[in-house]
Amino acid sequence: MKFTEEHEWLREEGDVIVVGITAHAAEQLGDIVFVELPEVGTEVTKDDEVCVIESVKAASDILAPLDGEITEVNEALVDEPGKINEDAIGDAWFFKVKAADKSQMDDYMDEAAYNAFIG
Amino acid sequence: MGDTSELLHTPLFDLHAELGGKMVPFAGYAMPVQYPLGVMKEHIHCRTQAGLFDVSHMGQVILRGESYDAIAQAFETLVPMDVLGLDQDKQRYGFFTNEDGGIEDDLMFANRGDHLFVVVNAACKDADIARMKEALEPDVTVEVIEDRALIALQGPSAGTALARLNASVDAMVFMDVATVELAGAECWVSRSGYTGEDGFEISVPNGHAEALCRALLEMEEVEPIGLGARDSLRLEAGLCLYGNDITTDTNPIEASLIWAIQKVRRAGGNREGGFPGASHIFGAMAEGVARKRVGLVPEGRAPMRAGTPIFASAEGGEPVGEVTSGGFGPTFNGPVAMGYVGTSYATIDTTLFGEVRGKRMPLKVAKMPLVPANFKR
């Protein structure tokens, strides 16, 4: 699993990358009450704003970590955004992206580096 | 989290730290925005059991003069409320107005027999104190209370919890005020609050504040509640946040606060006018206003926050209003908001559109409070 400085986690699953936010990010955001997901089939470029999440405190964006195509989104989050606070790194994935260039994954941190990053 | 090193501390600062409060700057103070329970659970806990809030940042002021009537008459020159006719040991909601009929701050005041006890908002307290001193002294003295903390115990179990410390509070009803001994300290207690729930606001000597809070927090039904949940609780209850929902530019008629101006102070009343901006406010009462504060319920799940422009149709046109407070209502279990809309759009159930991230989404004008109040009458 890889981690971005935007507090997303990326897990390789066959030829797609599953993307979510870290437990640390979920904790910082507070109780999450709303999620807007991208449409399946959307072509995204790295750093595009692809999701919106709103917590009890504020709205934030989720950025595309890689170039590629959105192949699947986790609709369950729309009805139960609180899942992100409960199980950020497990069931509460946001979307799957078919990476145009998997080598973009190499730029990201491993778990030890991410844990050091969040201190 | 902001830098909180330059901020003022309430007497409960160390207790907040011990309880794991996440401290943020608020009106010059370091205040807990939430505790480990989190905003959502704190909110629900307060609505179902009892929550303890530190509101010591608010300003506590005592006005003294020759007699209550003399103090009340003087105070009526600053507020459009019936102060003189307020029974002893009763509290009332009010606000300071300005010459244009705008609202300078909202407040609570209580008739304590030989004095008037006033509680004002933290962000406005310096200006409020200066305003009162200028207008009222020397006949009425303005005594700023610096040696007392202010806490609120709110929720359906608040009465049961506080009665364990002193059974006499059981007899108090909504807006009653009394001096009560709690955990060995002489406290000024009112049966009131700002959550829409039954509960108390308690002024306690600084040196006793922590012990009183600990005595309450030991009780099973009491949890500490931060500013985050305080905001969602008051929003569901349809209560204004000064600076957002009411400002120097909103008059009480636009703000749907006409109920707070008793008949005796209105045009035709025995003591009509005599407060700043009376002619503007009476004009607004007689002729109507162009916009009104209303409750708003977004139809989707997306919160519509302060500043969200409101439109009459899904496309085109100029804004007909704006959200002034908005977020997620944990008890309502959906997004809730309040704001100002053109008077012709202010009818309950009118569908309007809030523009969020460039997209217009429907919302309905709704009756406030959005969650029914639960006071002990």
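So the protein sequences, as listed, match chains C and D. Sequential numbering from 2 applies to the first sequence in this note's numbering. Sequential numbering from 8 applies to the second sequence in this note's numbering. Ideal Cβ placement from N, Cα and C applies to all residues, glycine included.
So, at 6 angstroms on beta carbons, what are the nonlocal neighbours of residue 113 of chain C in its own chain, with the 5 sequence-adjacent residues on each side left out? none
Taking DSSP as the reference, what is the three-state secondary structure of residue 290 of chain D? helix
In whole angstroms, give me the CA-to-CA distance for residue 193 of chain D and residue 93 of chain D. 24 angstroms
Going by DSSP, which residues form a beta bridge with residue 36 of chain D? D:15 and D:33
Contact under 8 angstroms by Cβ, residue 240 of chain D with residue 209 of chain D: no
Using the DSSP secondary-structure output, state which residues sit across from residue 231 of chain D in a beta bridge. D:59
So is the beta-carbon of residue 47 of chain C under 7 angstroms away from any non-hydrogen atom of the ligand MN? Questions concerning the ligand MN fall outside what the structure shown contains, since it holds no ligand whatsoever.
Output needed for residue 353 of chain D: all residues of its chain with C-beta closer than 7 angstroms, excluding positions within five of it in sequence on either side, in chain order. 299, 301 and 372
So, does the CB of residue 32 of chain C fall closer than 8 angstroms to a CB anywhere in chain D? yes
Minimum C-alpha distance to residue 80 of chain D - residue among D:164, D:137, D:143 and D:265: D:143
Could you list which residues in chain E have their beta carbon closer than 8 angstroms to that of residue 55 of chain C, in chain order? In the structure shown, chain E does not exist; the protein chains are C and D.
Checking contacts by CB at 8 angstroms: is residue 84 of chain C closer than that to chain D? no
Taking residue 46 of chain D as the reference, give the member of C:42, C:38 and C:34 with the closest Cα. C:34
Taking Cβ-Cβ distances below 9 angstroms as the criterion, which residues of the region 93-116 of chain C are in contact with chain D? none
How big is the Cα-Cα spacing for residue 122 of chain D and residue 350 of chain D? 40 angstroms
Local Cβ density within 10 Å of residue 112 of chain D, reported as buried at 16 or more and exposed below that: buried
I'd like to know if residue 47 of chain C contacts chain D, where contact means its C-beta is closer than 8 angstroms to some C-beta of that chain. no
Pick helix, strand or coil for residue 243 of chain D, following the three-state DSSP scheme. helix
Closer than 8 angstroms by beta-carbon distance: list the chain D residues that pair up with residue 35 of chain C, in chain order. 308, 309, 310, 335 and 342
Kindly indicate the opening and closing residues of the alpha helix (DSSP H) around residue 85 of chain C. Unbroken alpha helix (DSSP H) run through residue 85 of chain C: 84-87.
Do residue 62 of chain D and residue 136 of chain D have their C-beta atoms within less than 8 angstroms of each other? no
Output the distance between the C-alpha atoms of residue 28 of chain D and residue 38 of chain D, rounded to the nearest integer angstrom. Cα to Cα, the separation comes out at about 8 angstroms.
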